[in-house]
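Student:
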Amino acid sequence: MDARNSVGRTALDLAAYRGHPEVVRLLITAGADPEQQAGEHRESTPLCLAAAHGRTAVVGALIDAGVHLRAQGRMRWVPLILAATSGDQGHPQTVTLLLDRGADIDAVMKNRTSLEWAARFGQVQMVRQLLRRGATPTAKALTAAHEYTERHPESQRRNASIIDALRVARAATD
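Heads up: the sequence shown is residues 0 to 173, going by numbering that gives the first Met the number 0.
#1: Name the one or two DSSP bridge partners that V77 has.
#2: Less than 8 Å between the C-beta atoms of A117 and L81, yes or no?
#3: Does DSSP put T135 in a helix, a strand or coil?
#4: Report the CB separation of V123 from I161 in whole angstroms; it is logged as a contact under 8 Å.
#5: Just grab the DSSP bridge partners of R111 for me.
#6: Would you identify the three-state DSSP class for S85, choosing helix, strand or coil?
#7: If you check the beta carbons only, do A164 and L114 fall under 8 Å apart?
#8: Hey, is C47's beta-carbon within less than 8 Å of any beta-carbon in chain B?
#9: How many angstroms separate the CA atom of G121 from the CA atom of S154?
#10: Just to check my reading of the structure: L79 and A106 have Cβ atoms closer than 8 Å, yes? What is that Cβ distance to the nearest angstrom?
#11: My output table needs one value for A144: the three-state DSSP class, helix, strand or coil.
#12: Grab me the residues of V22's own chain with a C-beta within less than 6 Å of its C-beta, minus the 5 sequence neighbours each way, in chain order.
#13: Exposed or buried, what is T28 when buried is set at 16 or more other beta-carbons lying within 10 Å of its beta-carbon?
#14: Quick one: grab the DSSP three-state call for A50.
#15: Look at A144 and T112 and say whether their C-beta atoms are less than 8 Å apart.
#16: Below 8 Å on the Cβ atoms is my contact criterion, and I expect H192 with E34 to pass it. Report the Cβ-Cβ distance as a whole number of Å.
Below is the structure:
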């Protein structure tokens, strides 16, 4: 059931990546390991692949199958952080599902939380969403937002709203 093709991908791996929740359910029912190492180099998991690509229905199917919300591949990726930071503005619906189902909003990947990564990438709406959901507004997130502005001066106005949101949130927690 977990056989790999010529480039190292399994059927479950591909179904999660391509966004086919019905196929994911069928494969798991047939015995596929929902927490298998996935990707060409086994660097990921089906949950990480689905989260990174905003495949919300697949994420739900995997969680329903009992996949641990912090399932990580060899690269130690965190599904919530991938959902929050992939693409231009992350995948808000996938983030909502992960948080609703118990993902740790302050989980760390490569020494940063989802909020710190979103601030680092200038993702205004995601920063706001994470703050609304209770992310800890760390000094590191504020520093990341300032660094993004320095690297991308053309986005200064947009990024000012991230900095303001982080300052307000930090003041509320002091």
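We put the beta carbon where it would ideally sit given N, CA and C, even for glycine.
Bear in mind that the values here come from a model prediction, so they are computed numbers and not experimental data.
Tutor: If we stick to the structure as given:
#1: Walking along the sequence shown from the start, residue 77 turns up at place 78. V77 pairs with nothing; no bridge assigned.
#2: The residue you call residue 117 lines up with position 118 of the sequence shown. The residue you call residue 81 lines up with position 82 of the sequence shown. No, Cβ-Cβ distance for A117 and L81 is not below 8 Å.
#3: As a working mapping, residue 135 is identified with position 136 in the sequence shown. Note: T135 maps to coil in three-state DSSP.
#4: By 1-based counting over the sequence shown, the position of residue 123 is 124. By 1-based counting over the sequence shown, the position of residue 161 is 162. About 6 Å; that satisfies the 8 Å criterion.
#5: As a working note, residue 111 is residue 112 in the sequence shown. R111 is bridged to M108.
#6: Start at 1 with the first residue of the sequence shown, and residue 85 comes out as number 86. DSSP places S85 in coil when its eight states are reduced to three.
#7: Against the sequence shown, residue 164 aligns to sequence position 165. Against the sequence shown, residue 114 aligns to sequence position 115. Not closer than 8 Å, so no.
#8: The structure shown contains no chain B; it holds only a single protein chain.
#9: The residue given as residue 121 occupies position 122 in the sequence shown. The residue given as residue 154 occupies position 155 in the sequence shown. Taking the straight line from one Cα to the other gives about 8 Å.
#10: Your numbering for residue 79 matches position 80 in the sequence shown. Your numbering for residue 106 matches position 107 in the sequence shown. At roughly 6 Å, the Cβ-Cβ gap stays under 8 Å, so L79 and A106 are in contact.
#11: One-based indexing of the sequence shown puts residue 144 at position 145. It is helical.
#12: Translated into positions along the sequence shown, residue 22 becomes position 23. Result list for V22: A14, in chain order.
#13: Along the sequence shown, one-based indexing puts residue 28 at 29. It is exposed - the Cβ of T28 has fewer than 16 other Cβ atoms within 10 Å.
#14: Within the sequence shown, the letter at position 51 stands for residue 50. Helix at A50.
#15: As a first step, residue 144 is located in the sequence shown; it is residue number 145 there, counting from the start. As a first step, residue 112 is located in the sequence shown; it is residue number 113 there, counting from the start. Not a contact, by the Cβ cut-off of 8 Å.
#16: The first residue shown for the chain is 0 and the last is 173, placing residue 192 beyond what the model contains.
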